[in-house]
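*Asks:* Just so you know, we're using my numbering here: the sequence shown kicks off at 39 and counts up by one.
For each residue, glycine too, the CB sits at the ideal point set by N, CA and C.
Predicted model only: the values in this text are computed from it and were never measured.
Structure incoming, see below.
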Amino acid sequence: MAHTRTTDVLIVGAGPVGLSTAAELGRHGVPCRIVDRLSARLPYAKAVGIQPRTLEIWDRMGLARTMLEAAALIRGQLIYVNGREQARIDLALPPEVPYRFAALPQYETERLLEEYVVGQGTVVERGTELLSFVQDPEGVTAVLRTPSGAEEEVRAGYLVGCDGAHSTVRKTLGLSFEGGAFGEEYMLGDVEADWDLPHGYGIRSMHLADDGTSDDLLVCIPLPGTGRYRMSMLVPPELSTGTNGMRDGVAHGLEDDRIPELEHIQAVVDRLGPRPAVLSRMRWSSVFRISHRIVDRYGEGRVFVAGDAAHIHPPTGAQGMNTGVQDACNLAWKLAMVLRDEAGPALLESYDAERRPVGEEVVGRTVRHATQGVHSDPDDPGTVMLREAQLLVGYREGPLAGAPYGSLEAPQPGDRAPDCDGLTAPAAAYHLRLLDVLRGRVGHVALLYAADVTDLARAAAEATVAVAPLDTGPGVGLQVVAILSREAAPGAADRLPVPAYRDAGGQFARLYRPDGPTGFVVRPDGHLGTRFPLDGTAAGVAEYVAALSGRTTRRRSAGAARTG
């Protein structure tokens with residue numbers, strides 16, 4: 039066996055979730071290794087939907103432009119029943135939301151994330167399989183099988199399992215994975231269609247039997263390229279195997295032992311397609327199954343699971359990969375703080391407390407939508423759309439959220455920090471968004487809002503002193519940014535000792551609803567950490583920093599995630 043090689047974090051699985059974990063750790067300056075048992079990326083467009091919230095996360099990383107240039111806009115969905123159009127759903131969001139719904143094949147998402155990670159100096163070790171691991175109070179010892187067949191022992195501070203529905207990490211850790219499976223088998227195909235349907239719209243076409251039940255289904259998701267779709271449909275009898283071939287009791291994901299031909303997919307389009315179409319240029323196809331399961335806990339000790347290793351569910355609404363990316367972002371900044379000795383290990387307990395309720399909600403909602411339809415959702419269409427975009431995920435009841443301040447209708451600790459437009463900077467001749475201000479910053483950001491320059495200067499000084507425990511080096515810790523209200527004089531920002539912007543459009547005030555001069559701390563994952571009156575800046579920031587570092591016992595019941 040090879041000699042032990044030490045790393046801060048060992049990540050198992052180089053899909054979108056594992057790569058996102060590595061990317062966020064790299065941004066925080068944390069060394070990691072990422073391994074994957076496959077020798078190359080799979081050429082399948084498994085997960086294709088990119089939610090606006092995921093694009094916000096990628097924006098903070100500096101990746102949004104790269105992803106947008108490769109992706110296709112999803113404008114909406116056309117629904118057909120027995121050959122007739124029943125509904126046209128336009129995916130509309132409030133104007134302050136900076137991104138829309140997009141589609142990008144998973145292998146492209148992985149390629150772009152891997153390029154980002156490699157640019158940070160981390161190489162994906164492919165053809166490397168996790169065989170076993172044990173943990174102790176000081177770390178994790180893992181055994182890997184390398185591409186040569188040799189075994190290597192690795193010593194890591196923490197291990198993160200992003201190794202999918204059949205996760206070795208989850209099984210070794212002994213986590214339960216309760217749930218069930220859908221009896222139907224489906225097939226997927228990446229093809230081009232020459233029909234004259236509106237560009238950028240997905241297609242859902244069903245056939246209803248006399249008793250009102252659906253007995254045939256065609257779903258088409260537009261992909262980048264002319265007339266290109268990922269199509270899914272029920273498996274024909276000649277390709278069905280029933281319950282045979284299930285791996286370890288978890289019937290979920292692609293199965294490569296049965297490959298549908300173009301003629302199989304063409305036959306379904308001939309039956310259910312809203313327009314006559316000849317399919318061509320099939321890039322790949324597969325049979326797949328759907329399960330719905332979630333772990334009883336997202337980690338134990340120094341080992342954690344994320345993405346499909348923690349939760350699987352129907353692909354309805356493209357929630358899975360996007361939920362996994364948020365898992366990764368939530369966990370990575372906490373691991374970074376603990377590894378930099380800015381926080382105690384207790385901070386890592388908040389990963390399960392914040393993310394498992396989100397996973398439970400997503401699993402329950404996607405199963406309901408898959409079996410009863412999106413129309414079964416009791417909320418108004420606007421709320422449904424925001425939830426599908428994952429813009430309502432929040433942690434108000436989580437252990438890191440302190441007491442609310444100001445109106446409960448305003449963004450409170452745990453909520454997503456909304457973006458806004460209309461900010462101006464002294465040397466910029468154009469308006470900026472809040473995402474422009476946050477982009478590339480590592481760690482927490484304190485946004486101090488007021489009209490009076492003297493108040494802001496004093497609060498900035500207090501915040502700088504209060505945050506000293508997090509000031510461990512360039513680019514980490516907590517950075518202070520001043521936001522002057524639109525009532526402030528246009529040149530006032532020049533007189534502040536910290537980066538300063540003016541809320542010239544008034545959008546920051548409209549969306550954040552400050553209660554007079556107010557401070558906000560934005561977490562690295564884009565959620566609010568705390569909110570406080572500006573005349574209490576020292577106490578507000580110090581309390582939040584102390585709670586993160588484990589020097590206080592501020593706790594609240596984990597409860598259920600706020601999802602609107």
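Are the CB atoms of arginine 65 and valine 47 nearer to each other than 9 Å?
*Replies:* Against a cut-off of 9 Å, the Cβ pair of valine 47 and arginine 65 comes out as no contact.
*Asks:* Straight-line CA distance for arginine 309 to proline 298?
*Replies:* When rounded, the distance between both Cα atoms is 17 Å.
*Asks:* Using three-state DSSP, classify arginine 242 as helix, strand or coil.
*Replies:* If DSSP states are grouped into helix, strand and coil, arginine 242 belongs with the strands.
*Asks:* What number of angstroms, rounded off, separates the C-alpha of threonine 264 from the C-alpha of threonine 354?
*Replies:* Spanning the two alpha carbons is a distance of roughly 24 Å.
*Asks:* State yes or no: is the C-beta of alanine 520 within less than 9 Å of the C-beta of tyrosine 468?
*Replies:* The answer is no: Cβ separation not under 9 Å.
*Asks:* Tell me which same chain residues have a C-beta within less than 7 Å of the C-beta of aspartate 97, skipping the five on either side of it?
*Replies:* Hits under 7 Å: Leu473 and Arg477.
*Asks:* Shortest alpha-carbon distance to arginine 126 belongs to which of Gly100, Leu235, Leu385 and Asp201?
*Replies:* When only C-alpha atoms are compared, the closest one is Leu235.
*Asks:* With H, G and I counted as helix, E and B as strand and the rest as coil, what does DSSP make of alanine 110?
*Replies:* DSSP places alanine 110 in strand when its eight states are reduced to three.
*Asks:* Extract the residue ranges of the beta strand (DSSP E) inside the region 456-538, only unbroken runs of 3 or more that lie entirely within it.
*Replies:* Those beta strand (DSSP E) runs which fall completely within the region 456-538 and span 3+ residues are 482-488 and 516-522.
*Asks:* If we count the other Cβ atoms within 10 Å of its Cβ and call it buried at 16 or more, is alanine 110 buried or exposed?
*Replies:* The residue is buried, with at least 16 neighbouring Cβ atoms inside 10 Å.
*Asks:* Could you say which of Gly362, Thr206, Val68 and Glu399 lies nearest to glutamate 167 if we only look at CA atoms?
*Replies:* The candidate whose alpha carbon is nearest that of glutamate 167 is Thr206.
*Asks:* Is the Cβ-Cβ distance between alanine 504 and alanine 455 less than 9 Å?
*Replies:* No; because the gap between Cβ atoms is not below 9 Å, this pair is not in contact.
*Asks:* Taking its Cβ as the centre, do 16 or more other Cβ atoms sit within 10 Å of alanine 140, making it buried, or is it exposed?
*Replies:* By the 10 Å Cβ count, alanine 140 comes out buried.
*Asks:* Return helix, strand or coil for arginine 425, following the three-state DSSP convention.
*Replies:* If DSSP states are grouped into helix, strand and coil, arginine 425 belongs with the helices.
*Asks:* List, from N- to C-terminal side, the beta strand (DSSP E) runs of 3 residues or more that fit wholly inside the region 112-162.
*Replies:* Whole beta strand (DSSP E) segments, 3+ residues: 114-119 and 122-128.
*Asks:* Under a Cβ-count criterion, where at least 16 other Cβ atoms within 10 Å of its own Cβ denotes burial, should glycine 283 be classed as buried or exposed?
*Replies:* In this predicted model, glycine 283 has a pLDDT of only 48, less than 50, meaning its place in the structure is not dependable; the value taken from the coordinates is given anyway. When all chains shown are included, glycine 283 counts as exposed.
*Asks:* Could you please give me the residues that DSSP links to phenylalanine 558 through a beta bridge?
*Replies:* In the DSSP output, where bridge partners are listed per residue, phenylalanine 558 has Leu485 and Arg569.
*Asks:* Taking all protein chains shown into account, decide if arginine 327 is buried (16 or more other Cβ within 10 angstroms of its Cβ) or exposed.
*Replies:* Arginine 327 comes out buried.
*Asks:* Report, in whole angstroms, the separation of the C-beta atoms of valine 333 and phenylalanine 215, which I expect to be a contact under 8 Å.
*Replies:* That pair is a contact at about 6 Å.
*Asks:* Tell me the DSSP secondary structure of histidine 302 in three-state form.
*Replies:* Correct three-state label for histidine 302: helix.
*Asks:* Buried or exposed for glycine 513, going by 16 or more other Cβ atoms inside 10 Å?
*Replies:* With a pLDDT of 49 at glycine 513, under the threshold of 50, the modelled position of this residue cannot be trusted; read the value that follows with caution. Exposed, because fewer than 16 other Cβ atoms sit within 10 Å of the Cβ of glycine 513.
*Asks:* Only counting the same chain, and skipping five residues up and downstream in sequence, which positions put a Cβ closer than 6 Å to that of glutamine 545?
*Replies:* So the qualifying residues of the chain are Cys458, Asp459 and Gly460.
*Asks:* Just the C-alpha distance for arginine 268 and tryptophan 322, rounded to the nearest angstrom, thanks.
*Replies:* Approximately 10 Å between the Cα atoms of the pair.
*Asks:* Tell me whether histidine 330 is buried or exposed, calling it buried when 16 or more other Cβ atoms sit within 10 Å of its Cβ.
*Replies:* That one is buried.
*Asks:* Can the beta-carbon of leucine 131 be found less than 9 Å from the beta-carbon of methionine 423?
*Replies:* Taking 9 Å as the Cβ cut-off, leucine 131 and methionine 423 qualify as a contacting pair.
*Asks:* Opposite leucine 390 in the DSSP bridges: which residues?
*Replies:* The amino acid at residue 390 is misidentified as leucine; the sequence shows aspartate. Per DSSP, none; premise fails for aspartate 390.
*Asks:* So, under 8 Å CB-CB, leucine 549 and glutamate 123 are touching, yes? Tell me the CB distance rounded to an integer number of Å.
*Replies:* The pair is not a contact, with the Cβ atoms about 37 Å apart (cut-off 8 Å).
*Asks:* Would you please state the rounded distance, in angstroms, between the beta carbons of leucine 272 and tyrosine 224? I believe it to be under 8 Å.
*Replies:* Contact flag correct, Cβ pair sits at about 6 Å.
*Asks:* Ignore the nearest five residues each way along the sequence and tell me which others in glutamate 398's own chain have a CB closer than 7 Å to its CB.
*Replies:* These residues qualify, in order along the chain: Ile332.
*Asks:* Find the nearest neighbour of alanine 497 within the set Gly557, Gly440 and Glu447, judged by alpha-carbon distance.
*Replies:* Nearest of Gly557, Gly440 and Glu447 to alanine 497, Cα basis: Gly557.
*Asks:* Can at least three beta-carbon pairs, one atom from the region 192-206 and one from the region 227-244, be found at a separation below 8 Å?
*Replies:* No, the region 192-206 does not touch the region 227-244.
*Asks:* Pick out whichever of Ala366, Asp493 and Val229 has its Cα sitting closest to the Cα of serine 318.
*Replies:* The residue with the shortest Cα to Cα distance from serine 318 is Val229.
*Asks:* Give the DSSP-derived three-state secondary structure of cysteine 200 in the structure shown.
*Replies:* In this structure, cysteine 200 counts as coil in the three-state DSSP scheme.
*Asks:* Among the candidates Leu429, Pro437 and Thr462, whose CA atom is the shortest distance from the CA of proline 449?
*Replies:* The shortest C-alpha separation from proline 449 is found at Leu429.
*Asks:* Can you grab the Cα-Cα spacing for the pair alanine 531 / glutamate 148, in whole Å?
*Replies:* Near 41 Å, if we compare the C-alpha coordinates of glutamate 148 and alanine 531.
*Asks:* Which whole-angstrom value describes the C-beta separation of cysteine 367 and serine 58, a residue pair presumed to lie in contact below a C-beta threshold of 8 Å?
*Replies:* Confirmed, about 7 Å.
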